[in-house]
Amino acid sequence: MDTTPQRDVFFSFFMFTADLRPQDPSYTKVLIDHLKVLTEMGYDGFDVHIASQPATVDHRREVEAYAGLKKAFDHAGLRGTKFTTNVGTTRTFDPTSPYEEQRRQALSYLTSRVDITQVLGGDSIMSGPFLYPYGVFPLTDANEQIWSDALQDWMKPRFRAARAVFEELAEYAAAQGVKLAVEPVKSWETPPPNMVSEALDFLDTLGNPHGAGVTIDTAQVVMESQGPGVFRENVARAASQDRLHYVHISAPDRGAVHDSWIPWETILNEVEPVYRGPYLVEVFNAIPPFDSSMRMARRRFWRPGEDAPSSADSAYDVAKAALEELREQIALSARTRSDATLLAYTGEDD
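Numbering-wise (this note's numbering), the sequence shown opens with residue 116 and increments by one.
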């Protein structure tokens, strides 16, 4: 009998939107419809992106808007629904800035995102590329981009500048019961940290990390990491430091998870024994801003209630197939490890 407890599986709303528009009642109804269908499908929770706003917007009002959104979810019968958040820093809200005033502005922005994560409730994980601003590549005085050794050297003082911000942010998040999970993102999207080891190296420099950790994303691992050996080392390192806070299951092309090039055995055999948090199924749909920023040529998965039906798969079909695939792969991994343990035990008896 398989006694492995069922793992929570969350679904990313990157399938539908990059902005929840919490002050738009008509769009809140659309979100509620999606949440209800996906909950009935079997998902245990959801990851939502907290869109950045202009610097002139009062962060307290943003938090209030998300508190109102959560009340709308509760009134719609979704009380107790679990949420995690995806957060990115920006050119304006840059914790690595050489200018103290800008770093303080970034800290205010990030603490407001912690507050929003806490307001939404659930597993209370704030994940994403919120160390260095996403997609902001540095330029030389000649307006040329910086790469390789020069980029690594350029990043060193930026990471040093961010230490005090992250120490304060981590302490604040811990007091709110929110885990921070820095997500490395591949190099063609953004400067470092691009690998799990780089994010862990940064966290090692903090004086009081207080639960700050990392996200491991299967797509990022396949496209950016150095190989299975380094992956095993990084998982073990993060787990031993209690810093493996979130695991994203995403296809290398950021599309459908079912029948994708995810190396299931390599990933799950390392992660399953040491990770107890939720898995996130993350599909980037061909919607703004992802269609242009990620150069998507594939057709959009049409979103019931938002798009006209098309010859492409629907967002719900893709979500259902992904959930079934992930649960099947988790069960297969458990059986494989159990068989290996039994074989080792019987071999010792011989």
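C-beta: ideal position from N, C-alpha, C; glycine also. All values derive from a computational prediction rather than experimental measurement.
- Nearest residue (CA-CA) to T132, options N400, I382, K197 and R175: For the purposes of this step, residue 132 is taken as the residue at position 17 of the sequence shown. Cα-wise, what sits closest to T132 is N400.
- Name the DSSP bridge partner or partners of F125? In the sequence shown, counting from the first residue as 1, residue 125 sits at position 10. Bridge partners of F125: G160 and L395.
- Message: At 4 residues or longer, what runs of the alpha helix (DSSP H) sit wholly inside the stretch 323 to 374?
- Response: 333 to 339 and 343 to 355
- Task: Assign H363 to one of two classes, buried (16 or more other C-beta atoms within 10 Å of its C-beta) or exposed (fewer than that).
- Result: Translated into positions along the sequence shown, residue 363 becomes position 248. Under this definition H363 is a buried residue.
- Rounded to whole angstroms, what's the CA-CA distance from A221 to A180? Just pull it up for me. Reading the sequence shown from its first residue, position 106 is the one you call residue 221. Reading the sequence shown from its first residue, position 65 is the one you call residue 180. Rounded to the nearest angstrom, the two C-alpha atoms are 20 angstroms apart.
- Per DSSP, cross-strand counterpart(s) of M241: To locate residue 241, count along the sequence shown from 1; it is residue 126. According to DSSP, which records beta bridges pairwise, M241 is partnered with T200 and L295.
- From D162, D268 and F274, residue whose alpha carbon lies closest to that of L315: Within the sequence shown, the letter at position 200 stands for residue 315. Ranking the options by Cα distance to L315, first place goes to F274.
- Look at the alpha carbon of V350 and the alpha carbon of V389, and state the distance between them as a whole number of angstroms. Position 235 of the sequence shown, counting from 1, holds the residue named residue 350. Position 274 of the sequence shown, counting from 1, holds the residue named residue 389. Going from the Cα of V350 to the Cα of V389 covers about 8 angstroms.
- Query: Nearest-angstrom Cα distance between F245 and Q335?
  - Reply: Here the question's residue 245 lines up with position 130 in the sequence shown. Here the question's residue 335 lines up with position 220 in the sequence shown. Computed Cα separation, rounded: 16 angstroms.
- Message: Contact between the stretch 382 to 396 and the stretch 406 to 420 is defined here as three or more beta-carbon pairs at a separation below 8 angstroms; is this criterion met?
- Response: no
- Look up W417 in the DSSP assignment and say whether it is helix, strand or coil. If you number the sequence shown from 1, residue 417 lands on position 302. In this structure, W417 counts as strand in the three-state DSSP scheme.
- Query: In its own chain, which residues sit with a C-beta less than 8 angstroms from the C-beta of L193, not counting the 5 before and 5 after it?
  - Reply: As a working mapping, residue 193 is identified with position 78 in the sequence shown. Within the same chain, L193 has close Cβ partners I147, L150, K151 and T154.
- When you compare each of K144, F208 and H190 to A166 by their alpha carbons, which one comes out closest? For the purposes of this step, residue 166 is identified with residue 51 of the sequence shown, where counting begins at 1. When each option's Cα is compared against that of A166, the closest is F208.
- Query: For A469, which residues from the same chain have a beta carbon less than 7 angstroms from its beta carbon, with the 5 sequence-adjacent residues on both sides left out?
  - Reply: For residue 469 there is no data in the structure shown, the boundaries of the chain being 116 and 465.
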